[in-house]
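Residue numbers (the numbering used here): 7 to 339. Every residue gets a Cβ at the ideal spot worked out from N, C-alpha and C, and that includes glycine. Step one of this worksheet: look at the structure below.
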Ligand SMILES: Nc1ncnc2c1ncn2[C@@H]1O[C@H](COP(=O)(O)OP(=O)(O)OP(=O)(O)O)[C@@H](O)[C@H]1O
Ligand SMILES: [Mg+2]
């Protein structure tokens, strides 16, 4: 066996399509979405209302099935699961945290009993102390005996994370877990996801509108019109004097067949629409408005074409501003 082979990603979505039909009108909630989340990654999914975030999470939690495309989690091909396998999948492989605290916890049970019940449903009767350990991990051990109504919104969501972890899932999915919380409490809940990811190595995908989320994750994926459009990667750079700098770089997402989305502000600024001129340069691809009137000033002299696998002609190099892939120093400490 080849032990050096990299672990397969925990979440794989390829060309995911979900069409809802309501009163003969079709809504394309997902339009060929691609997403890979590696094992042990903590990723945020952000995007405008209606962009398809909850639709994606419903599919990943096996509550809904895609119209087309591939979705697999922890090596399980979701559309092909039987009803029985789906139940096992939802109990053992994934854990969920929803926005509404009432959907996560049973109101008449204490925090500890909520976690214990989730473990009992999962069938794990070993290590009765595990429920308490999980409450400790999410920072609410001292509230173990309180019912949800006796806890703050942030504390309830942290208990919800413990419930989601009750059966040691490989993957944690959260849909707007901080949506009902104020700014300060949201940060505490996001720190809880960070702690869980760090301590247990659980892969996590958090859907959110919360602008603060990007500081708590390694990667933020933007979803636009049912497709992933850009990603921001974060890492720490140590300079020659040993000082650590938080770095971030934004990338456009390119799918397998070469499709990508131009940011709308770029399209607006350069009036890019319908058709654009593309030109292969030595180290980048140039995009110009397709408008004939704009051609003499900005576009290459001869009508540019995209050669099918061809090399750029001699002398074609033209520097362009590197606006998109820009390294940005976030702070100095
Ligand atoms: N069950 C459904 N039936 C019909 N249309 C639906 C259904 N669920 C979602 N949609 C539509 O699909 C699109 C994507 O919805 P979705 O709920 O995934 O968006 P979202 O990104 O989660 O938005 P929000 O940030 O507001 O929660 C929307 O146009 C929505 O109206
Ligand atoms: Mg939603």
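Distance cut-off 7 angstroms: residue i Cβ against heavy atoms of ligand 1
i           : result
residue 102 : no
residue 257 : no
residue 56  : yes
residue 199 : no
residue 73  : no
residue 35  : yes
residue 38  : no
residue 52  : no
residue 28  : yes
Residues bridged to residue i [DSSP beta-bridge criterion]
i           : result
residue 78  : 18, 83
residue 229 : 234
residue 243 : 251
residue 258 : 236
residue 72  : Paired residues: none, contrary to the question.
residue 292 : 285
residue 27  : 32
residue 181 : 213
residue 37  : 23
residue 263 : Residue 263 pairs with nothing; no bridge assigned.
residue 279 : 281
residue 48  : 210
residue 62  : Bridge partners of residue 62: none, in fact.
residue 171 : Per DSSP, none; premise fails for residue 171.
Straight-line Cα distance separating residue j from residue i
i           : j           : result
residue 154 : residue 112 : 8 angstroms
residue 274 : residue 55  : 21 angstroms
residue 77  : residue 278 : 33 angstroms
residue 191 : residue 244 : 31 angstroms
residue 67  : residue 292 : 40 angstroms
residue 184 : residue 47  : 19 angstroms
residue 322 : residue 294 : Bear in mind that the predicted position of residue 322 carries a pLDDT of just 36, short of 50, making it unreliable; the figure below should be weighed with that in mind. Taking the straight line joining both Cα atoms gives about 15 angstroms.
residue 20  : residue 75  : 6 angstroms
residue 106 : residue 233 : 26 angstroms
residue 110 : residue 280 : 46 angstroms
residue 97  : residue 173 : 7 angstroms
residue 42  : residue 131 : 34 angstroms
residue 161 : residue 276 : 48 angstroms
residue 35  : residue 65  : 12 angstroms
residue 230 : residue 259 : 11 angstroms
residue 22  : residue 248 : 44 angstroms
residue 211 : residue 84  : 17 angstroms
residue 283 : residue 209 : 41 angstroms
residue 334 : residue 289 : For residue 334, the pLDDT reaches just 42, beneath the cut-off of 50, and the residue's location in the model is therefore unreliable, although a value from the coordinates is still provided. Between residue 334 and residue 289, the C-alpha separation is close to 21 angstroms.
residue 157 : residue 195 : 14 angstroms
residue 206 : residue 198 : 12 angstroms
residue 90  : residue 253 : 45 angstroms
residue 37  : residue 214 : 20 angstroms
residue 203 : residue 186 : 22 angstroms
residue 139 : residue 30  : 51 angstroms
residue 27  : residue 73  : 11 angstroms
residue 124 : residue 159 : 20 angstroms
residue 218 : residue 237 : 16 angstroms
residue 313 : residue 262 : Reliability fails at residue 313, whose pLDDT of 42 lies under 50, so the model's placement of it is uncertain and no value is given.
residue 16  : residue 296 : 41 angstroms
residue 135 : residue 246 : 47 angstroms
CB of residue i within 8 angstroms of CB of residue j, strictly
i           : j           : result
residue 80  : residue 99  : yes
residue 53  : residue 228 : yes
residue 45  : residue 13  : yes
residue 152 : residue 108 : no
residue 177 : residue 164 : no
residue 3   : residue 201 : The requested residue 3 is not part of the displayed model; the chain covers only 7 to 339.
residue 427 : residue 62  : One cannot answer for residue 427 here, as it falls past the ends of the chain, which runs 7 to 339.
residue 239 : residue 255 : yes
residue 216 : residue 60  : no
residue 175 : residue 101 : yes
residue 121 : residue 168 : yes
residue 25  : residue 18  : no
residue 267 : residue 235 : yes
Closer than 7 angstroms: residue i CB and nearest ligand 3 heavy atom
i          : result
residue 67 : Because ligand 3 does not appear in the structure shown, any question about it cannot be addressed here, the ligands present being ligand 1 and ligand 2.
Distance cut-off 7 angstroms: residue i Cβ against heavy atoms of ligand 2
i           : result
residue 152 : no
residue 297 : no
residue 60  : yes
residue 181 : yes
CB contact check: residue i to chain D, cutoff 8 angstroms
i           : result
residue 179 : The question asks about chain D, but that chain is absent: this structure has only one protein chain.
Write down every uninterrupted run of the alpha helix (DSSP H) in the region 96-165 whose length is 4 residues or greater and which is fully enclosed by it, in chain order. For the region 96-165, the continuous alpha helix (DSSP H) assignments of 4+ residues that do not extend past its boundaries occur at 107-110, 117-128, 136-143, in sequence order.
Tell me the start and end of each unbroken alpha helix (DSSP H) in the region 194-225 that is at least 4 residues and wholly inside, in chain order. Within the region 194-225, no alpha helix (DSSP H) run of at least 4 residues lies entirely inside it.
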